[in-house]
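What follows is a set of notes on a single structure, which appears directly below.
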């Protein structure tokens, strides 16, 4: 006997799927980190490299270009000698900060629920323990 199919109580998504559009912006590896560090104010490339341990210059360049193309980051060439470039969040980019902050809060709660480990760390630990037991 099959179960009765229930009707969804969630409202239908808005036309054009803006959720997918926003997630395509935030979905890149390191993108939330770049936005997070730019939320404190304009930063130069070298400062961002130091701010975000583990990111390569190539990936940072790619993420900054993507964010600039999508309108989330503004790039300003400073009239100095030699010229320097500063990156800052645009108005659109600033709207993403509360979203990333909410994700951080949920991630922190998940960590506490998993005995002080993030879910992916807890999964790896459980796999290691299972492998060691065999």
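Residue numbers (UniProt numbering): 1 to 134.
Glycine included, C-beta positions come from ideal geometry on N, C-alpha and C.
Decide if residue i is buried, meaning its Cβ has at least 16 other Cβ atoms within 10 Å, or exposed.
i: residue 35; result: buried
i: residue 127; result: exposed
i: residue 43; result: buried
Measuring CB to CB, does residue i end up less than 8 Å from residue j?
i: residue 48; j: residue 73; result: no
i: residue 76; j: residue 68; result: no
i: residue 158; j: residue 96; result: The question about residue 158 has no answer here: the residues shown for the chain are numbered 1 through 134.
Cα separation between residue i and residue j?
i: residue 58; j: residue 10; result: 41 Å
i: residue 135; j: residue 98; result: Shown here, the chain extends from 1 to 134; a query on residue 135 therefore has no answer.
i: residue 89; j: residue 64; result: 10 Å
i: residue 32; j: residue 100; result: 7 Å
i: residue 22; j: residue 103; result: 14 Å
i: residue 7; j: residue 56; result: 47 Å
i: residue 135; j: residue 4; result: With the chain running from 1 to 134 in the structure shown, residue 135 is simply not present.
i: residue 45; j: residue 93; result: 17 Å
Kindly indicate which three-state DSSP category residue i falls into: helix, strand or coil?
i: residue 65; result: helix
i: residue 29; result: coil
i: residue 24; result: helix
i: residue 48; result: helix
i: residue 3; result: coil
i: residue 88; result: strand
i: residue 74; result: strand
Distance cutoff 8 Å, beta carbons only. Does residue i sit that close to anything in chain D?
i: residue 49; result: Reference to chain D is not applicable here, since this structure consists of a single protein chain.
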